[in-house]
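**Student:** Attaching a single structure in structure tokens format; questions to follow.
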Amino acid sequence: MQLSTSTEADDKSTGSKKTELILSYEEVEALGRELDELRARIVADLGQSDRDYIYKIIKAQRGFEVAGRGLAYLGWFPPAWIAGVGSLAVSKILDNMEIGHNVMHGQYDWMREPSLNSREFEWDTVCPADQWRHSHNYMHHTFTNIVGEDRDIGYGIMRMDRDQEWNPYYLGNLLYASMLMVGFEWGVMLHDLEAENIVQGKRKWTDIKGLAKGMWRKASKQVLKDYIVFPALTGPLFPITVAGNVSANLVRNLWTFSIIFCGHFPSGVQTFTPEECENETKGQWYLRQMLGSANITGTPLFHIMSGNLSHQIEHHLFPDIPANRYPEIAPEVRAICEKHGLPYNTGTFSHQIFSTWKKIAKLSLPNSWTEDDDNFSVKVERERKGVA
Amino acid sequence: MLDRFPSMLSSVIEAALAPHPVDRYLELVDPMITWSDLRGRVVDVRRDTARTVTLTLAPTRQWTGFRAGQYIQLSTVIKGVRHTRCFSPANAECGPDGFIELTITAHDDGFVSRHLRDHAATGDVMGLQPATGDFVLPQQRPEQAVFISGGSGITPVLSMLRTLVAERHNGSAVFIHYATTPADAVYADELNALAAANPWIDVHTIYTRHTDTDGPNGHFRPEHLTELAPRFAQAQTFLCGPAGLMDAVREFYTERDLDDALHSEAFTAPSVAPDPNEPVSGTLSFASSARSAENDGHTILEQAEAAGLTPEFGCRMGICFSCSAVKKSGCTRNVLTGDVDTDSDTHIQLCISAPVGDVEIDI
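So the sequence lines, in the order shown, correspond to chains G and H.
Following my numbering, the numbering of the first sequence begins with 1 at its first residue and continues without gaps.
Following my numbering, the numbering of the second sequence begins with 1001 at its first residue and continues without gaps.
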């Protein structure tokens, strides 16, 4: 590896210094082999304890759900209402994050349990599972942090990277992010429509007919359940139960948005150009996943409640390894990073979320008005050198 | 109004628990209380021979019974993984309120059968699929029947014989069973008891690797039938056993132009992984598009595309699971890890799986 410091032409306006770490082709391939070995070791070890783990989480989720729905009958008593909202929110967070997100990544496909198969699973949110598997598992996880290809960079509505061209629309960056946070499940649902491409005429209305139908089918069931069936089951408490269910969904939205945005947008996370990623080797793909993701430190309970997306780096390296294994893998991944002189982006929740919102705020302005916080970047020699 | 109440109640429950099926809640309380899943609880375990275990299962209310000769799919969890295999009940055919008796022979390379032989216990709950299969007694019971079985192929034909007994059959039956040695003759006592209690039943057990007997021994020979069941030409014959026995008996019937009177079912031995280092061979069949291709060693996704199919795909590197599909049968190799998978009816990722030998994939 070699380090170089340069004042990049792009950043002349701000005069910021950029330090570049350049890894040789062979070094990146060695990194890839180390990660492949780590992966093989974990996969070979999967078994009953991983099965027990996911069923334990499912049992807890169902417990919170039943408690939350049950407490709705005491909704006239404010402390009970609050406890009910809390229980239901916890249930939905577990369902979406530690269960749904991970099961749909194929993390538990090896168990051959039809109810936990990535293609059959459906989750407790308005976004249909099949559409999410496309926008998330395929688009986001294949093209992670490639500006212009990974649609999770700004979800088509925000400016989340200095390489995205600024225009006055982005003055509303903070507002768009806040709106997305409040209605996150709906934002996730609409994600696969690529609405901005329709507005720009790059996508035809006919392309989205099938998607819209799927959304309608899924969202209507979710709305029926949370805002009609369960409230009706509480009889005269109908409006109070609706308010409770709206609140639980809101809490879930705020939390999932916050965790997910900490995964790729705190300072120090690197983005890539499509040219940099052409004909990537597996080692180069691994490296991009590492540099493009950020972790959050916390207690075991915090990791479970974040669906282990607090181990975003490990998740992006091994999206189909059961999430309960990420904590045990993390020290090894970190050691591999350190060995190669690579950054391992992690921090407390408050640090990462503050850093994320700061970035959202700064990117609402043109680059020339703000300073680039990220003054360290890693480059790869794309070709093998010295081949006789 | 009142009669519509149960269906109204069930739609409210299903709407309330959506998107998760009701059973995903019930199974956490008691796996035998099911809304729509069919399961069975082991109520009796017998180990009559060193290689077999006989399980009696009490099924949940979704069970609709079986016809003698049919098979069911049984699934059980081993080291965290659910494995499914087909077995034929051995008891007399019965309706929804009956038990299911399964005799499972532990083959040397039978991962599931060995596990069940060693570990199955009363109280275990197993997954079940409804009985299926065309190898059954005709509705008009044959006046004369010949049953021929080999090894674990005894279960469907024993079920047929027991059904005839239960129905107080008015005819005759010859039962010829091939076992390797007397120690392997599972159900020998039952067969002898059936023959003793029912003069119309004639039972013969032939040992293929044991010569110390009065009657014939060794593998199937025409004399076995001509001597033990001389009226075979007038009878309906029901045959189930290993490939060698099946082929020999079929040849015997074909030579005598009696194909129509022979009903058979092969029980498939667990597939053995072909050597992945051998040159690629076999046929890749695409089940739901009724097409096939000569295996050229590429991944299944590439071969499907070359054959003109357009299966869903995403990353083409094994991370996104967009292309996962059900492998009906055959052996595949994970091109990233080299691991081989010989199980049937499992989800595999098309973009990183290459067929080894014949493979049938549901795309």
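We treat Cβ as the ideally placed atom computed from N, Cα and C, and that holds for glycine.
#1: Identify the contact partners of Met111 (chain G) in chain H, using a Cβ-Cβ distance below 9 Å as the criterion.
#2: Taking C-beta to C-beta, are Phe1238 (chain H) and His1263 (chain H) nearer than 8 Å?
#3: Could you tell me the alpha carbon to alpha carbon distance between Asn1170 (chain H) and Ser1159 (chain H), rounded to whole angstroms?
#4: Given Ala195 (chain G), which residues of its chain have a CB within under 7 Å of its CB, disregarding the five upstream and five downstream residues?
#5: Applying the criterion that 16 or more other CB atoms from any shown protein chain within 10 Å of the CB defines a buried residue, is Arg41 (chain G) buried or exposed?
#6: Using the C-alpha atoms, what's the distance from Leu23 (chain G) back to Ala177 (chain G)?
#7: Grouping DSSP H, G and I as helix and E and B as strand, with all else coil, what is Arg1231 (chain H)?
#8: Compare the C-beta of Gly214 (chain G) against all C-beta atoms of chain H and say whether one is closer than 8 Å.
#9: Taking C-beta pairs closer than 9 Å, name the residues in chain G that Phe1238 (chain H) reaches, listed in chain order.
#10: Indicate the three-state DSSP secondary structure (helix, strand or coil) for Ala388 (chain G) in the structure shown.
#11: Just to confirm my understanding: we take Leu291 (chain G), look at its own chain, exclude 5 residues before and 5 after, and list those with CB closer than 6 Å. What are they?
#12: I need the DSSP call for Ile1078 (chain H), collapsed to helix, strand or coil.
#13: Using a Cβ-Cβ cut-off of less than 8 Å, list which residues of the region 1112 to 1141 of chain H approach chain G; keep chain order.
#14: So Thr142 (chain G) contacts chain H; which residues on that side make the cut at Cβ distance below 8 Å?
#15: Taking C-beta to C-beta, are Arg252 (chain G) and Lys92 (chain G) nearer than 8 Å?
#16: Rounded to whole angstroms, how far is the Cβ of Val1104 (chain H) from the Cβ of Val1053 (chain H), which I believe are closer than 8 Å?
#17: Starting from Ser1088 (chain H), trace the alpha helix (DSSP H) in both directions and tell me its first and last residue.
#18: Considering Glu1294 (chain H), what are the terminal residues of the beta strand (DSSP E) in which it resides?
#19: Would you please state the rounded distance, in angstroms, between the beta carbons of Phe1175 (chain H) and Leu1164 (chain H)? I believe it to be under 8 Å.
#20: Buried or exposed, going by whether 16 or more other CB atoms sit within 10 Å of the CB of Ile1348 (chain H)?
#21: Please list the residues of the region 1020 to 1035 of chain H that have a C-beta atom closer than 7 Å to any C-beta atom in chain G, keeping them in chain order.
#22: Please look up how many angstroms separate the CB atoms of Ala1018 (chain H) and Lys225 (chain G), rounded, as I've assumed it's under 8 Å.
#23: Find out if the Cβ-Cβ distance for the pair Ala1293 (chain H), Pro1311 (chain H) is shorter than 8 Å.
#24: In the DSSP assignment, find the unbroken beta strand (DSSP E) run with Ser247 (chain G) in it and report its ends.
#25: Would the beta-carbon of Asp150 (chain G) fall within 8 Å of that of His140 (chain G)?
#26: From Leu1258 (chain H) to Ala1233 (chain H), what distance separates their C-alpha atoms?
#27: If the cut-off is 7 Å on Cβ atoms, which residues from the region 1232 to 1265 of chain H count as contacting chain G, listed in chain order?
#28: Apart from the five residues on each side of it in sequence, which residues of its chain come closer than 7 Å, Cβ to Cβ, to Ile1013 (chain H)?
#29: Whether or not the region 112 to 131 of chain G and the region 211 to 219 of chain G are in contact is what I'm after, with contact meaning three or more pairs of Cβ atoms, one per stretch, closer than 8 Å; do they touch?
#30: By DSSP, does Pro327 (chain G) sit in helix, in strand, or in coil?
#31: Please state the DSSP three-state secondary structure of Asn197 (chain G).
#32: Since Lys56 (chain G) meets chain H, which of its residues come closer than 7 Å, beta carbon to beta carbon?
#33: To the nearest angstrom, how far is it from the Cα of His1298 (chain H) to the Cα of Val1356 (chain H)?
**Tutor:** This is what the structure holds:
#1: Looking up residue 111 (chain G) in the first sequence gives position 111. Ordered by position in chain H, the residues that pass the 9 Å Cβ test against Met111 (chain G) are Val1077, Gly1080, Val1081, Arg1082.
#2: For the purposes of this step, residue 1238 (chain H) is taken as residue 238 along the second sequence, with counting starting at 1. For the purposes of this step, residue 1263 (chain H) is taken as residue 263 along the second sequence, with counting starting at 1. Yes, they are a contact pair.
#3: The sequence position of residue 1170 (chain H) within the second sequence is 170, counting from 1. The sequence position of residue 1159 (chain H) within the second sequence is 159, counting from 1. C-alpha separation (whole angstroms): 17 Å.
#4: As a position in the first sequence, residue 195 (chain G) is number 195, starting the count at 1. Closer than 7 Å at the Cβ level, and outside the excluded window around Ala195 (chain G), lie Gly156.
#5: As a working mapping, residue 41 (chain G) is identified with position 41 in the first sequence. It counts as exposed.
#6: By 1-based counting over the first sequence, the position of residue 177 (chain G) is 177. By 1-based counting over the first sequence, the position of residue 23 (chain G) is 23. Roughly 35 Å separates the two Cα atoms.
#7: Here residue 1231 (chain H) refers to the residue found at position 231 when the second sequence is read from its first residue. It is coil, neither helix nor strand.
#8: The residue you call residue 214 (chain G) lines up with position 214 of the first sequence. Not one chain H Cβ lies under 8 Å of Gly214 (chain G).
#9: Within the second sequence, residue 1238 (chain H) is the residue found at index 238, counting from 1. What Phe1238 (chain H) touches in chain G: nothing, since even the nearest Cβ is about 33 Å away.
#10: For the purposes of this step, residue 388 (chain G) is identified with residue 388 of the first sequence, where counting begins at 1. Any reading at Ala388 (chain G) must be qualified, since the residue scores a pLDDT of 41, below 50, and its modelled position is unreliable; no value is offered.
#11: Locating residue 291 (chain G) in the first sequence gives position 291, counting from the first residue. The residues are Gln270, Val378.
#12: Taking the second sequence and counting its residues from 1, the one referred to as residue 1078 (chain H) is at position 78. Correct three-state label for Ile1078 (chain H): strand.
#13: none
#14: Within the first sequence, numbered from 1, the residue matching residue 142 (chain G) stands at position 142. Gly1314, Cys1315, Met1317, Ile1319, Cys1320, listed in chain order.
#15: Translated into the one-based positions of the first sequence, residue 252 (chain G) becomes position 252. Translated into the one-based positions of the first sequence, residue 92 (chain G) becomes position 92. For Arg252 (chain G) and Lys92 (chain G), yes; Cβs fall inside 8 Å.
#16: Within the second sequence, numbered from 1, the residue matching residue 1104 (chain H) stands at position 104. Within the second sequence, numbered from 1, the residue matching residue 1053 (chain H) stands at position 53. Sequence check: residue 1104 (chain H) is Ile here, not Val. Yes, they are in contact, since the Cβ atoms of Ile1104 (chain H) and Val1053 (chain H) sit about 5 Å apart, within 8 Å.
#17: Locating residue 1088 (chain H) in the second sequence gives position 88, counting from the first residue. From DSSP, Ser1088 (chain H) is part of no alpha helix (DSSP H); its letter is neither H nor E.
#18: Translated into the one-based positions of the second sequence, residue 1294 (chain H) becomes position 294. It spans 1291 to 1294 - the beta strand (DSSP E) in which Glu1294 (chain H) sits, taken as one unbroken run.
#19: Taking the second sequence and counting its residues from 1, one reaches residue 1175 (chain H) at position 175. Taking the second sequence and counting its residues from 1, one reaches residue 1164 (chain H) at position 164. Incorrect: roughly 10 Å between the Cβ atoms, too far for contact.
#20: Here residue 1348 (chain H) refers to the residue found at position 348 when the second sequence is read from its first residue. Classification for Ile1348 (chain H): buried.
#21: Arg1024, Tyr1025, Leu1028
#22: For the purposes of this step, residue 1018 (chain H) is identified with residue 18 of the second sequence, where counting begins at 1. For the purposes of this step, residue 225 (chain G) is identified with residue 225 of the first sequence, where counting begins at 1. 6 Å between Cβ atoms; contact.
#23: In the second sequence, counting from the first residue as 1, residue 1293 (chain H) sits at position 293. In the second sequence, counting from the first residue as 1, residue 1311 (chain H) sits at position 311. For Ala1293 (chain H) and Pro1311 (chain H), no; Cβs fall outside 8 Å.
#24: As a position in the first sequence, residue 247 (chain G) is number 247, starting the count at 1. Counting along the chain, Ser247 (chain G) falls outside any beta strand (DSSP E), though it belongs to the alpha helix (DSSP H) covering 238 to 264.
#25: Along the first sequence, read from residue 1 onward, the residue named residue 150 (chain G) stands at position 150. Along the first sequence, read from residue 1 onward, the residue named residue 140 (chain G) stands at position 140. Cβ distance < 8 Å, so Asp150 (chain G) and His140 (chain G) count as in contact.
#26: Numbered from 1 along the second sequence, position 258 holds the residue referred to as residue 1258 (chain H). Numbered from 1 along the second sequence, position 233 holds the residue referred to as residue 1233 (chain H). Whole-angstrom Cα-Cα distance: 7 Å.
#27: none
#28: Counted from its first residue, the second sequence places residue 1013 (chain H) at position 13. Around Ile1013 (chain H): Val1022.
#29: yes
#30: Locating residue 327 (chain G) in the first sequence gives position 327, counting from the first residue. In this structure, Pro327 (chain G) counts as helix in the three-state DSSP scheme.
#31: Within the first sequence, residue 197 (chain G) is the residue found at index 197, counting from 1. Three-state DSSP puts Asn197 (chain G) in a helix.
#32: For this step, residue 56 (chain G) is matched to residue 56 along the first sequence. Those do not exist, as Lys56 (chain G) stays about 10 Å from chain H at its closest Cβ, beyond 7 Å.
#33: Position 298 of the second sequence, counted from the first residue, corresponds to residue 1298 (chain H). Position 356 of the second sequence, counted from the first residue, corresponds to residue 1356 (chain H). Between His1298 (chain H) and Val1356 (chain H), the C-alpha separation is close to 10 Å.
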